[in-house]
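Chemist: Chains as they are written, first to last, in our numbering: chain G, 170 to 381; chain Y, 192 to 499; chain V, 324 to 987; chain C, 2 to 478.
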Amino acid sequence: MNTFADQLLVLVFLLNFIVLGTSRIGIAIRVVAVQGMALGLIPSIIHDFSLHLLLISAGMIAVKGVLIPWLLTRAVSAVGIKREERPFLGYVPIMLIGAVATALAFIFAEQLPLAPQHKELLFVPAAIATLMTGLLILVSRKKAISQVTGYLILENGIFIFGLLLTEAMPVMVEAGALLDLLVGIFVMGIIINQISQEFSSIDTSRLSSLKE
Amino acid sequence: MPVFVNTLVHLLLTLLFPPLLIGVINRTKAFFAGRTGAPLLQPYYDMIRLWRKGSVFSRTTTWVFQAGPLVTLAATLAAALLMPLGNHPSPLAFNGDMILFAYLFGLGRFFTVAAALDTGSSFEGMGGAREATFSCLAEPALFFALVVLARISSSLSLSGMLNNFPLTVWFGFGAALLLMVGALFIILLAENCRIPFDDPNTHLELTMIHEVMVLDHSGPGLAAVLYGASLKLFLLGALFVHITVPFRSGNVILDWLAFAGSMVLLAVVIGTVESTMARLKLTRVPQLLISASILSAFAMLLVLRQTP
Amino acid sequence: MISPILLTVTGIILALTAGIPLLVLTDQAKAQKISAVLHTLAAMAGICGALLSLAGGSRESWQIDWGLPFGPAEIAVDPLSALFLLPIFIVSACCAVYALSYWPAAENPESASRLTLSFAILTASLGIIVIARHAILFLAAWEIMAVACYFAMTVDSRKKEVREAGILYLVTAHIGALALFAYFALLKGEAGSYLFPPAGSLSASAATAIFLFALIGFGMKAGVVPLHIWLPSAHANAPSHVSAIMSGVLIKMGIYGLIRTVSFFAAIPFWWGVLVLAAGVISGLIGVIFAIGQHDIKRLLAYHSIENIGIIAMGTGVALMGTSAGIPSLVMLGMAGALLHTLNHATFKPLLFLCAGSVIHSCGTREIDRMGGLLKKMPLTGALFLTGAVAICGLPPLNGFVSEWLIYLGLFRGIIDADTFNDPYFALAAPALALIGGLAVACFVKVFGIAFLGEPRDERARDAHEAGPAMIAPMVVLAGICALIGLLPQAVAPLLERIVFSLYPGMAASGIKLAAHASLGMVSIVALLLLFLLAGTALLYRSRLAKGPVTAAETWGCGYQAPTQRMQYTASSFAATLVGLFSGVLRPHTRTPQIQGHFPKPASFRSHVPEALLEGFYLPLFDGLNSRLSLVRKLQHGKLHLYILYIVITLLTLLVWSHFRVRS
Amino acid sequence: MIALLISIPLLGALVAWLIPDNRRRPVILPLTGGAHLLLTLALLADTPPPALGGWIVLDPIGKLVLLGASILFFFCALYSVGYLAYRKERSNRVLCMGLSLCLGAISLACVSQHLGLLWVAIESTTLAMAPLIYFNRNARSIEATWKYMLICSIGIAMALLGLYFLAYATVVARQEPTLLLAPLLTAAPVLSPAWLNGAFIFLLVGFGTKIGLAPLHTWKPDAYGEAPGLVGALLAGGLVNCGFLGICRIYQVCLAAGNTLFFRDALTAMGLLSMLFAAFFVLRQADFKRLLAYSSVEHVGFMAIGLGLGKGALYGTLFHLLNNGLTKGVLFLTAANIHRSYNSKRAERVRGVMDRLPWSGWIFMAALFAVTGSPPFATFLSEFMVLSSIFTEGRMVAGVSVLLLFAVIFTGMALTMLPILTGRDGKDLDNSGYRDGLLTAGPPFMLLLITLLLGVWMPAPLQEIIGAAAAMLEIKP
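Have a look at this one:
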């Protein structure tokens, strides 16, 4: 079963690069949705079946794969933009940096004192790489929507690490975390809407009147 | 001789001797100028005559103007009781009297300058400003000298410092004392408004110090001013003479005579200086006063280094 | 037996209640009178308490259990506290009475209640400071004092210079208080509790930091150069009776703190004394030199406060050097001189400020150069100012001389104790003090002469009027104290002795007497003799004057036919030579007009001596720092993605740091 | 009882949502706040037993944070009635709901012993506050909200990762994986040090973003500056304390694990850095609400230093936590009044507040002294306790730098605030006609009075709570 999980994680890596490389916001949102769904599957794969896991998986897929992308798509169509234009960092450099970050994630994961049962798995490098991808997007993109996708990828990275601990995490907490994420994205969506109304753009580089 | 006789001599000398010094100085200057000059006692006649005259007061002035010469005279008289004369302690010797001595002159100066400002004349204001400025520059030099004397004599009173001033001290601290005597002489001339600092006989107001301050005094007031000035010369001269003429015979009468003689000699020296030197440019005066302070500061450092 | 502490606390509470009447009564004028009466009653109680304590020489304390986790508090009255309580109560009562006519509630309806309330709180907090024996209580009173004083001095905050002076004062006061935080924290570390340790109970070996913090914190309040920058503008811009209490009492709290601090330590290093002496000399000289350059009568008086604080510090320095060298006579003379000068300065400086207040009240300006001839219009104020001026110059026969004389004696005693000191500290300090004295005479002759003598230079000065009895009476009281201490200094000698013994318990046993080292009786004799001689000459002179003809005329104008009042010597011209001599320190600003052509246009000359240390050092430093900081402020640029980068960088830095930290 | 503590605010939010009348709706807030305050006091007097299998416990640290938040909320709620009466043009539904929800989340954070639950609660406070910052609905406020939302979300995500690390540390140590505080504390000595380190760093960065430790504070001036005053007050006085509670929890675990040197150094360093940043930005700060934000950064930094130094400083730090919240309440509420009256929060557009708004002016003036740690306000006591401990521990460099920074910050605050307060009100200045009322000037005045009261008299039960809380954070020999 773990091989299947690893293959899903490889998919996650690939999806990271797609998000890094694309300028189309619609694609980025869909990629994040796929990533979320893939991650939602993993708990049920790696562990024996239990109601707890099923609930988590279902919740994950519903929230990360369906609800959030739907919210974001709505926000995108409301503000009517399609592309990230002129990010702070070009697509090629950022993909290169992403590649370096992924490589570093593997090296770094080797150094970590993991529990023996996790030594061979891709979870930790995947978590770190996804986290870094999220941060890269957050730091390099201008459009508010792109930044939300970056945040979602960052969350996904954290979630991958959380997969190692599914048993430790009570449902209530997991559910709470998911709910918070959902509400957070919902609020962000509303704000994006307001930004586009107020500034007739969701370019966050314009949001710099508050300083010092 | 009992103490009260000495005190009596002290008081008599203090009261009667000072105008003579002025007479001697004027006579010396006349000698150098090739004139016969006024009688030695002329200052006495002048003062008595002034005392009997009427007064003219400016309408601008207040009681401060009249108080000026009186306070100055009273303060100088009080100071006279602190300065040892001859080979005898002063009637009121106590630890720290040298400071009171110096500060009594300060009081006198305060009121002289205030009286000058009371006339509202810019000339007298100018004189007052100069007096106040120059005397505060002379102050450190005097105190450095007092430090030297205190250190040498291990005494805190003028009488202790000056009465036990044997010749041997000059052998021990010759260099330091020479510097100090130089400084003291400068102070003596500056404080008493003699050439090269001031010309007591000048009539060009713009260049005067003391004389311009007392321009408006007349009659008894002016007499008090003149008498006070001569008394001040006498007292500071006594301080100077004690150090420069360190001969004490032990015989009371001889010592008194020696003191009076050396005072007269001092007056001759001052007269000589006045006759042979030109008056300094006013802007040079502070420099000379500061150099007097430096001289006596050097003297102090030498003495500090020498005494264990 | 009524206990001193009970009386003192009663006084403090009464002073505090003095702020209330104006808040609750509708008849403001009456309320202000009640307030002044309360202040006077407070003063009576407080002065009785202080005198009882000084006469008894014992220490009395009360424990207070309070709801704070710092251990029980303690208040105590000992001779040192008592000495500082005297000026607090005397000056506050005088100022409260003075305010009746200087700042009448009927004419200042919106500010009188605020002023009276802050003044009452100020008085009470001053009282608490000197009886507090617990760090927290002390600090609380200290800060309340600073803040109350801020509100009292900025009543007229519609004026820009008042606001600016207020801000400068408040900021420096707070910085000083912060130094005291450190001081008390360290002191607690040494003493083990927040209570003040008994005199001589701590070892000074590890106390360098404590001493330095005390010097900064208390020195800031006292106005020791170079921490004095707040003082001139604060004193100049406050209402005159507030300036009086600031200068007479508030800055003395710094002296109190410093003396209290050094009393905690048993054997102190020699350099403490040297440092305090040096700070004193520098403050004295800088203070008086700057004073000479001022034309603003209150700014001038403010600089003289710095000078006098310097003189007090010199006395303290002598005592400290005596302590570490083990020479009791030095300790006795230096400390007695410093303490007496504290008391003296608290009489003549408020006197001068109150006189200045009357003058300003009547002339409407603080500029000396616009006054003149005031002695004719205000004979009493003029005479009282003259008294204060003679006293502050340290001239006999008034009190300023006595304390300066004690300090001189201490210095000379140090000079002739050849076995112990070969260092020139004392020998340099004595002439410096003489120079200070000389300059002070020049300065006060200038103020008195230009403001009170001659002819009026301005319309307002011509129409000046004498101050009312409510203003004159407090000044008479203060002048009376100046004369009393000046003429009968031997009366205060045993009190001073007791304070020194309470500070140095070891000295009490040795039986050393102040009188043995300083014949205050002789000073008294000479002072009385001086008065006698003056009376004698005056009598002679009057009788002579009565006999001869007396003519009134114009002032001799040296032949000039049309003199005007504006041709009189001014304060600036009087000081010009000295200002020129010290221009290296003073950095005067002058604007000299260009006079051209045969018929030059009317021109004006202006000169001004600024607070050189503030304008030449602190403000440029602050501005320079600020312009550097504008680079740092670019960090908050408003760009969100870089803010996120900050988070990443922080994470990485912490990770790397922890990595190396765990390795090592 | 504890369930009630959380459900009363939630109920309040529900009722607020249901009430249609914009004018009457705000009344629900003081009712909620009052009930919550009473309940809090009752709970403090009579501590309930652990509930939900040890997940819900009201321990001393929780009590302290809860008390501060509850008092602050009550007075902010009272203020909101007066404030919203001036803002009739806006719907206050979201505001009322958000405030109530936030109170509920804060209460949950205070009582939760499960770190996951704590995280959820803290994240909820972040989310509940976001729409409130946007209350003014202008370009500046939307910018501030966006920055707040994104930076805090990232921060709190980091905290989640930190929690995962902490749980993983138990896995690596072959312990029962848990995030419940009590078992974690028992297992702490055997936890994997590397993962514990990681957990600490991520939690510090996470909660540090939330409380605004430099350089993670970037959102703070924007959000505090643009939010309505009462939201600013709750952000600075309520949410900050919650975040600090989170840091205290991980600190507890680190303490139990032994080797605390790095944790303490990291806290001290970030604290000093925060104070330094605050000092830089306070000087010549022309916007007085941003000034208050930087003052908050300063105080958070100071508390971090206190926590980092530990030992004697802990008592003062925890007391400061309470005081800081209360004084920030005073400052933000009065600043809002001034802002309302002058329609500006720029120093050059505001003068003579003491004349125009005597109550707000005097309260703001007093609060200036309170927030800069002047006696006789309680902040003085707490600051002095911490400073005293810094010096008695012999950390002279740290102590002197803190003092210098305090001096700079006071200078900066005085230079901005005093010219606003004093001076002459002019015709050139805007005047909205706002006048201080009982409900707008009363609450900050009461808060000020409480800080003053605590400065001269600390009730014994409060001393006990703080003492017990400090004992929980003390290094056991």
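Heads up, the beta-carbon is just placed ideally off N, CA and C, and yes, glycines get one too.
1) What does Ala228 (chain C) touch in chain G if you count any residue whose Cβ is under 8 Å from its own?
2) Given a cut-off of 8 Å, decide if Ala787 (chain V) and Leu707 (chain V) are closer than it, judged by their beta-carbon atoms.
3) For the beta strand (DSSP E) holding His931 (chain V), just list the boundary residues, first then last.
4) Pair every Cβ in the stretch 347 to 364 of chain C with every Cβ in the stretch 98 to 118 of chain C, then say whether three or more of these pairs are closer than 8 Å.
5) Taking one C-beta from the stretch 294 to 311 of chain Y and one from the stretch 342 to 354 of chain Y each time, how about it: are there three or more such pairs within less than 8 Å?
6) Taking contact to mean at least 3 C-beta pairs separated by less than 8 Å, is the stretch 921 to 937 of chain V in contact with the stretch 638 to 649 of chain V?
7) My understanding is that Ala348 (chain C) touches Ala287 (chain C), with C-beta atoms under 8 Å, so please give their C-beta distance in whole angstroms.
8) Looking at chain C, is there any beta carbon in it that lies within less than 8 Å of the beta carbon of Gly512 (chain V)?
9) Quick one: which chain Y residues come within Cβ less than 7 Å of Leu718 (chain V)?
10) Looking at the unbroken alpha helix (DSSP H) that takes in Thr146 (chain C), where does it start and where does it end?
11) To the nearest angstrom, report how far apart Arg436 (chain C) and Ser361 (chain C) are at their CA atoms.
12) Pull up the distance between the alpha-carbon of Ala183 (chain C) and that of Leu116 (chain C), whole angstroms please.
13) My output table needs one value for Lys621 (chain V): the three-state DSSP class, helix, strand or coil.
14) Anything in chain G within Cβ reach of Arg141 (chain C), meaning under 9 Å, just list it in chain order.
15) On a CA-only basis, which of V:Gly907, V:Leu853, V:Pro817 and V:Ala455 is nearest Leu377 (chain V)? Give me that one, please.
16) Tell me the DSSP secondary structure of His960 (chain V) in three-state form.
17) Please classify Phe855 (chain V) as buried or exposed, where buried requires at least 16 other C-beta atoms within 10 Å of its C-beta.
18) In this structure, does DSSP put Thr646 (chain V) in helix, strand or coil?
19) State buried or exposed for Val485 (chain V), treating a residue as buried only when at least 16 other CB atoms are found within 10 Å of its CB.
20) Check distances from the C-beta atoms of the stretch 17 to 33 of chain C to those of chain V and list, in chain order, the residues that come in under 8 Å.
21) Closer than 8 Å, Cβ to Cβ, to anything on chain V: give me those residues from the stretch 292 to 324 of chain G, in chain order.
22) Against chain Y, with Cβ distances strictly below 8 Å, would Arg867 (chain V) count as a contact?
23) Tell me whether Leu329 (chain V) sits in a helix, a strand or coil according to DSSP, three-state version.
24) Using the Cα positions of Leu388 (chain C) and Gly307 (chain C), report the straight-line distance between them to the nearest angstrom.
25) Pair every Cβ in the stretch 333 to 349 of chain G with every Cβ in the stretch 131 to 146 of chain C, then say whether three or more of these pairs are closer than 8 Å.
26) Does the Cβ-Cβ distance between Gly318 (chain Y) and Ile400 (chain Y) come in under 8 Å?
27) Ignore the nearest five residues each way along the sequence and tell me which others in Lys962 (chain V)'s own chain have a CB closer than 6 Å to its CB.
28) Buried or exposed for Arg218 (chain Y), please, with buried defined as at least 16 other CB atoms from any protein chain shown within 10 angstroms of its CB.
29) Could you check what DSSP says for Gln114 (chain C) in three-state terms: helix, strand or coil?
30) If you run the structure through DSSP and keep just helix, strand and coil, what is Trp426 (chain V)?
31) Apart from the five residues just before and just after Leu118 (chain C), which ones in its own chain have a Cβ nearer than 8 Å to its Cβ?
32) Short of 6 Å in beta carbon distance, which residues of its chain neighbour Ala274 (chain G), apart from the five on each side in sequence? Order them along the chain.
33) From the DSSP output, in three-state form, read off Lys472 (chain Y) for me.
34) Can you give me the C-alpha to C-alpha distance between Ser436 (chain V) and Thr340 (chain V), rounded to a whole angstrom?
35) Cα separation between Val308 (chain G) and Ile467 (chain V)?
36) Would Val398 (chain C) count as contacting chain V if we go by Cβ distances under 8 Å?
Modeler: By the coordinates alone:
1) Locating residue 228 (chain C) in the fourth sequence gives position 227, where the first residue counts as 1. Per Cβ cutoff of 8 Å: no residues; Ala228 (chain C) is ~12 Å from chain G at best.
2) Position 384 of the third sequence, counting from 1, holds the residue named residue 707 (chain V). Position 464 of the third sequence, counting from 1, holds the residue named residue 787 (chain V). Cβ distance not < 8 Å, so Leu707 (chain V) and Ala787 (chain V) don't count as in contact.
3) The residue you call residue 931 (chain V) lines up with position 608 of the third sequence. Element bounds for His931 (chain V): Arg929 to His931.
4) Here the stretch 347 to 364 of chain C does not lie against the stretch 98 to 118 of chain C, with fewer than 3 beta-carbon pairs under 8 Å apart.
5) no
6) no
7) In the fourth sequence, counting from the first residue as 1, residue 348 (chain C) sits at position 347. In the fourth sequence, counting from the first residue as 1, residue 287 (chain C) sits at position 286. Confirmed, about 5 Å.
8) Here residue 512 (chain V) refers to the residue found at position 189 when the third sequence is read from its first residue. Yes, Gly512 (chain V) lies at the interface with chain C (some Cβ there is under 8 Å from its Cβ).
9) Position 395 of the third sequence, counted from the first residue, corresponds to residue 718 (chain V). Going along chain Y in sequence order, the residues near Leu718 (chain V) (Cβ under 7 Å) are Tyr294, Gly297, Leu298 and Phe301.
10) By 1-based counting over the fourth sequence, the position of residue 146 (chain C) is 145. Element bounds for Thr146 (chain C): Ala140 to Val173.
11) Working through the fourth sequence from its first residue, we reach residue 436 (chain C) at position 435. Working through the fourth sequence from its first residue, we reach residue 361 (chain C) at position 360. So the alpha carbons of these two residues sit roughly 9 Å apart.
12) Translated into the one-based positions of the fourth sequence, residue 183 (chain C) becomes position 182. Translated into the one-based positions of the fourth sequence, residue 116 (chain C) becomes position 115. Going by the C-alpha atoms only, they are around 11 Å apart.
13) Counted from its first residue, the third sequence places residue 621 (chain V) at position 298. In this structure, Lys621 (chain V) counts as helix in the three-state DSSP scheme.
14) For the purposes of this step, residue 141 (chain C) is identified with residue 140 of the fourth sequence, where counting begins at 1. Residues of chain G passing the Cβ test: Ser378 and Leu379.
15) Here residue 377 (chain V) refers to the residue found at position 54 of the third sequence. Taking Leu377 (chain V) as reference, the option from V:Gly907, V:Leu853, V:Pro817 and V:Ala455 with the minimal CA-CA separation is V:Pro817.
16) Your numbering for residue 960 (chain V) matches position 637 in the third sequence. Assignment of His960 (chain V) by DSSP, reduced to helix, strand and coil, places it in the coil class.
17) Position 532 of the third sequence, counting from 1, holds the residue named residue 855 (chain V). Under this definition Phe855 (chain V) is an exposed residue.
18) Against the third sequence, residue 646 (chain V) aligns to sequence position 323. Thr646 (chain V) falls in the helix class under three-state DSSP.
19) Position 162 of the third sequence, counting from 1, holds the residue named residue 485 (chain V). Looking at its Cβ environment, which holds 16 or more other Cβ atoms inside 10 Å, Val485 (chain V) is buried.
20) Those would be none; no residue qualifies.
21) Leu304, Leu307, Val308, Ser309, Arg310, Lys311 and Gln316
22) For this step, residue 867 (chain V) is matched to residue 544 along the third sequence. By this cut-off, Arg867 (chain V) is an interface position.
23) Against the third sequence, residue 329 (chain V) aligns to sequence position 6. Helix.
24) The residue you call residue 388 (chain C) lines up with position 387 of the fourth sequence. The residue you call residue 307 (chain C) lines up with position 306 of the fourth sequence. Computed Cα separation, rounded: 8 Å.
25) For the pair of segments examined, the stretch 333 to 349 of chain G was found not to touch the stretch 131 to 146 of chain C: the number of CB pairs separated by less than 8 Å stays below three.
26) Along the second sequence, read from residue 1 onward, the residue named residue 318 (chain Y) stands at position 127. Along the second sequence, read from residue 1 onward, the residue named residue 400 (chain Y) stands at position 209. Taking 8 Å as the Cβ cut-off, Gly318 (chain Y) and Ile400 (chain Y) qualify as a contacting pair.
27) Reading the third sequence from its first residue, position 639 is the one you call residue 962 (chain V). So no residue of the chain qualifies.
28) Translated into positions along the second sequence, residue 218 (chain Y) becomes position 27. With 16 or more Cβ atoms within 10 Å of its Cβ, Arg218 (chain Y) is classed as buried.
29) The residue given as residue 114 (chain C) occupies position 113 in the fourth sequence. In this structure, Gln114 (chain C) counts as coil in the three-state DSSP scheme.
30) Numbered from 1 along the third sequence, position 103 holds the residue referred to as residue 426 (chain V). Coil at Trp426 (chain V), not helix or strand.
31) As a first step, residue 118 (chain C) is located in the fourth sequence; it is residue number 117 there, counting from the start. The residues are Trp56 and Leu109.
32) The count along the first sequence starts at 1 and reaches residue 274 (chain G) at position 105. Excluding positions up to five away in sequence, the list reads Pro294, Ile297 and Ala298.
33) One-based indexing of the second sequence puts residue 472 (chain Y) at position 281. In this structure, Lys472 (chain Y) counts as coil in the three-state DSSP scheme.
34) Counting from 1 along the third sequence, the entry for residue 436 (chain V) is found at position 113. Counting from 1 along the third sequence, the entry for residue 340 (chain V) is found at position 17. When rounded, the distance between both Cα atoms is 13 Å.
35) As a position in the first sequence, residue 308 (chain G) is number 139, starting the count at 1. As a position in the third sequence, residue 467 (chain V) is number 144, starting the count at 1. If I take the Cα positions, the gap works out to 50 Å.
36) Translated into the one-based positions of the fourth sequence, residue 398 (chain C) becomes position 397. Val398 (chain C) has a beta carbon lying at 8 Å or more from every beta carbon in chain V.
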